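Residue numbers (this note's numbering): 8 to 476.
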């Protein structure tokens, strides 16, 4: 609905839309200028009071010898971010997003002023992405601070930040970030079209809800097709690799895409060490991921068929254990998940105590009463440690599901079940795509140059590519 010449009708529409009479945090300041009425609307908890006072003082200090017009106020307000609006619904959206809006009598335009000051926490290192060397700042729930952290690292004229407003009832800002000329143009066109066509009431679940709306994925697919990160340096390096990033207001996590399975296995710590040390860390991480999936299933096959070699005889389950080996493994795997979920919901001050009690005392008690064999507890624990070596939490969770399916297949079909499910699993991963990019690239389709870079951390080179300015 457009602004009309009837000032009172405009006021009634806006004040009803923002709930002025029913919400204590909605503010209104009525002013007089050139004998004309001016209404200033804002949310008290989302604006900088001093900036708001400066805006009011700037209006009252405008020269009185000039003809009244909204352009006069717009051109003389001492503020860096002003926008002219002519739609009443857009005015309501701006106010609810923390802007201050000036409504002018006898004018078909209003002025939106960015005086936002959101409550937010300090810039701290993300708990899930800690490094020994390097930056220790991470994204927060403040959308604008996150963009500033990225700007500090990328001072490239090709950096683009395209803003979208998504949500019919509760609009949320979403920013598409990419490097022009580096990110594929067809990919960007497709992403922009999907963002433009998103129809939803709100984005309360922020980035996760947005991901599910723009990525056309199979409903039963457990594997992540985008990567989440809370580190600005991780976003920066991936933008130079041709990815795009999606920043969602009120979320500290940033979506990176298109992401392959190998992108989920990389960690920034590898680039903060020497090439040899970085390569070593990468190999250890890959080994841990492999163990997290296949250690327990392969052990079950060897035990079931008496294939354990003499050197590994100590891994044979104790005969006095009263519970079937398959039930032991499943119960132990589920128990590890119980511990993980409990640690997430346990206050930090009690987390260490809970881990000691649950991990040590309960494990020891289960072995002593014959519920688990020592070998089962050992191998499941090693497998769990391998899961925690996975940089991407989403990939680690998907691999756990795959491991449980392997265990179930072995229970019913022995090693035949393992082989069949393994082939189905590989074919499934081959068919997966993230925004058109094969999930197993550069393994399938094979690209030797990029594939070797996955396993070896090469030293940085003094080389500058020609780029369009």
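Just so you know, even glycine gets a beta-carbon here, dropped at the ideal spot from N, CA and C.
In this text, all values refer to a predicted model and were calculated from it rather than measured experimentally.
Practice item. For residue 49, count neighbouring C-beta atoms within 10 Å of its own C-beta (all shown protein chains included) and say buried if the count is 16 or more, exposed if not. Key: The residue labelled residue 49 in the question sits at position 42 within the chain shown. The residue in question, residue 49, is buried, as its Cβ has 16 or more Cβ neighbours within 10 Å.
Check your understanding: How would you call residue 297, buried or exposed, if buried means at least 16 neighbouring beta carbons within 10 angstroms?
Key -> What you label residue 297 is simply residue 290 of the chain shown in a count that begins at 1. Its Cβ having fewer than 16 others within 10 Å, residue 297 is exposed.
Point to revise | Given residue 526 as reference, the closest of 308, 17, 185, 151 once Cα atoms are compared | key: Residue 526 lies beyond the stretch modelled for the chain, which goes from 8 to 476, so this question has no answer here.
Check your understanding: Using DSSP with H/G/I as helix, E/B as strand and the rest coil, what is residue 476?
Key -> Working through the chain shown from its first residue, we reach residue 476 at position 469. Annotation note: pLDDT 45 at residue 476 (below 50); position unreliable, coordinate value reported separately. DSSP places residue 476 in coil when its eight states are reduced to three.
Practice item. Using a threshold of 8 angstroms, state whether the C-beta atoms of residue 9 and residue 112 are closer than that. Key: Looking up residue 9 in the chain shown gives position 2. Looking up residue 112 in the chain shown gives position 105. In this structure, residue 112 does not lie closer than 8 angstroms to residue 9 by Cβ.
Check your understanding: Would DSSP call residue 406 helix, strand or coil?
Key -> Residue numbering aside, residue 406 sits at position 399 when the chain shown is read from its first letter. Three-state DSSP puts residue 406 in a helix.
Exercise for review: State the beta-bridge partners of residue 440 as determined by DSSP.
Suggested key: For the purposes of this step, residue 440 is taken as the residue at position 433 of the chain shown. Its beta-bridge partners are 445.
Check your understanding: How close, in whole Å, do the beta carbons of residue 54 and residue 119 come, if the pair is a contact with beta carbons under 8 angstroms?
Key -> Counting from one through the chain shown, the residue named residue 54 turns up at place 47. Counting from one through the chain shown, the residue named residue 119 turns up at place 112. With a Cβ gap of about 12 angstroms, residue 54 and residue 119 do not count as contacting.
Exercise for review: Please work out which residues of its chain come closer than 7 angstroms, Cβ to Cβ, to residue 475, disregarding the five sequence neighbours upstream and downstream, and give them in chain order.
Suggested key: If you number the chain shown from 1, residue 475 lands on position 468. With a pLDDT of 49 at residue 475, under the threshold of 50, the predicted position of this residue should be treated as unreliable, and no value is reported.
**Study point:** Assigned exposure category for residue 483 - 16 Cβ within 10 Å defines buried
**Key:** Past the edges of the chain, shown from 8 to 476, lies residue 483, and the structure says nothing about it.
Review point. Using the rule of at least 16 other Cβ atoms within 10 Å of the residue's Cβ for burial, across every protein chain shown, is residue 82 buried or exposed?
Key: Taking the first residue of the chain shown as 1, we reach residue 82 at position 75. Under this definition residue 82 is an exposed residue.
Review point. Do residue 217 and residue 242 come within 8 angstroms of each other at the CB atom, strictly closer than that value?
Key: Reading the chain shown from its first residue, position 235 is the one you call residue 242. Reading the chain shown from its first residue, position 210 is the one you call residue 217. No, these two residues do not count as a Cβ contact at 8 angstroms.
Review point. Roughly how many angstroms separate the alpha carbons of residue 373 and residue 338, rounded to a whole number?
Key: What you label residue 373 is simply residue 366 of the chain shown in a count that begins at 1. What you label residue 338 is simply residue 331 of the chain shown in a count that begins at 1. Answer to the nearest angstrom: the Cα atoms are 11 angstroms apart.
Review point. How would you label residue 306, buried or exposed, when you count the other beta carbons within 10 angstroms and need 16 or more for buried?
Key: Along the chain shown, read from residue 1 onward, the residue named residue 306 stands at position 299. Under this definition residue 306 is a buried residue.
Review point. In this structure, does DSSP put residue 452 in helix, strand or coil?
Key: As a working mapping, residue 452 is identified with position 445 in the chain shown. In this structure, residue 452 counts as coil in the three-state DSSP scheme.
Review point. Does the count of Cβ pairs from the region 229-248 and the region 263-270 closer than 8 angstroms reach three?
Key: yes
Check your understanding: Do you know whose CA, among 207, 159, 449, 352, lies nearest residue 179's CA?
Key -> If you number the chain shown from 1, residue 179 lands on position 172. Of the listed residues, the one whose Cα sits closest to residue 179 is 207.
Practice item. Express the C-alpha separation of residue 426 and residue 146 in angstroms, rounding to a whole number. Key: Here residue 146 refers to the residue found at position 139 when the chain shown is read from its first residue. Here residue 426 refers to the residue found at position 419 when the chain shown is read from its first residue. Between residue 146 and residue 426, the C-alpha separation is close to 43 angstroms.
Practice item. Examine the Cβ distances between the region 169-186 and the region 271-287 and report whether three or more of them are shorter than 8 angstroms. Key: no
Review point. If you draw a straight line from the C-alpha of residue 236 to the C-alpha of residue 318, how long is it?
Key: For this step, residue 236 is matched to residue 229 along the chain shown. For this step, residue 318 is matched to residue 311 along the chain shown. Roughly 43 angstroms separates the two Cα atoms.
Exercise for review: Find out if the Cβ-Cβ distance for the pair residue 449, residue 458 is shorter than 8 angstroms.
Suggested key: Within the chain shown, the letter at position 442 stands for residue 449. Within the chain shown, the letter at position 451 stands for residue 458. Their beta carbons are under 8 angstroms apart, which means residue 449 touches residue 458 by this criterion.
Review point. Does DSSP put residue 380 in a helix, in a strand, or in coil?
Key: Walking along the chain shown from the start, residue 380 turns up at place 373. Coil at residue 380, not helix or strand.
Check your understanding: Any chance the region 54-63 sits against the region 9-27, with 3 or more Cβ pairs inside 8 angstroms?
Key -> no
Exercise for review: Check whether the Cβ atoms of residue 108 and residue 117 sit closer than 8 angstroms, and answer yes or no.
Suggested key: Here residue 108 refers to the residue found at position 101 when the chain shown is read from its first residue. Here residue 117 refers to the residue found at position 110 when the chain shown is read from its first residue. The answer is yes: Cβ separation under 8 angstroms.
**Study point:** Cβ neighbours of residue 467 in the same chain (closer than 7 angstroms, five flanking residues each side left out)
**Key:** Stepping through the chain shown from its first residue, residue 467 is reached at position 460. Same-chain partners within the cutoff: there are none.
Check your understanding: What residues in its chain sit with their C-beta under 7 angstroms from that of residue 408, if we drop five residues either side in the sequence?
Key -> As a working note, residue 408 is residue 401 in the chain shown. Excluding positions up to five away in sequence, the list reads 229.
Exercise for review: Output the boundary residues of the beta strand (DSSP E) element that contains residue 169.
Suggested key: The residue given as residue 169 occupies position 162 in the chain shown. 166-173 is the extent of the beta strand (DSSP E) around residue 169.
Point to revise | Inter-residue spacing [alpha-carbon to alpha-carbon] between residue 203 and residue 193 | key: The count along the chain shown starts at 1 and reaches residue 203 at position 196. The count along the chain shown starts at 1 and reaches residue 193 at position 186. Rounded to the nearest angstrom, the two C-alpha atoms are 15 angstroms apart.
Exercise for review: Assign residue 140 to one of three DSSP states: helix, strand, or coil.
Suggested key: Residue 140 sits at position 133 when you count from the first residue of the chain shown. Three-state result, residue 140: coil.
Practice item. Determine, using beta carbons only, whether residue 404 comes closer than 8 angstroms to chain B. Key: No chain B appears in this structure, which consists of one protein chain only.
**Study point:** Sufficient close CB pairs (3 or more, under 8 angstroms) joining the region 132-149 to the region 244-252
**Key:** no
Check your understanding: What separation, rounded to the nearest whole angstrom, lies between the Cα atoms of residue 169 and residue 312?
Key -> Here residue 169 is taken as the residue at index 162 of the chain shown, counted from 1. Here residue 312 is taken as the residue at index 305 of the chain shown, counted from 1. Cα-Cα distance, rounded: 59 angstroms.
Check your understanding: Secondary structure at residue 87, three-state DSSP: helix, strand or coil?
Key -> As a position in the chain shown, residue 87 is number 80, starting the count at 1. Three-state DSSP puts residue 87 in coil, outside helix and strand.
Point to revise | Cα-Cα separation, residue 220 to residue 183 | key: Your numbering for residue 220 matches position 213 in the chain shown. Your numbering for residue 183 matches position 176 in the chain shown. Going by the C-alpha atoms only, they are around 15 angstroms apart.
Review point. What is the rounded straight-line gap between the Cα of residue 455 and the Cα of residue 291?
Key: Position 448 of the chain shown holds residue 455. Position 284 of the chain shown holds residue 291. Taking the straight line joining both Cα atoms gives about 21 angstroms.
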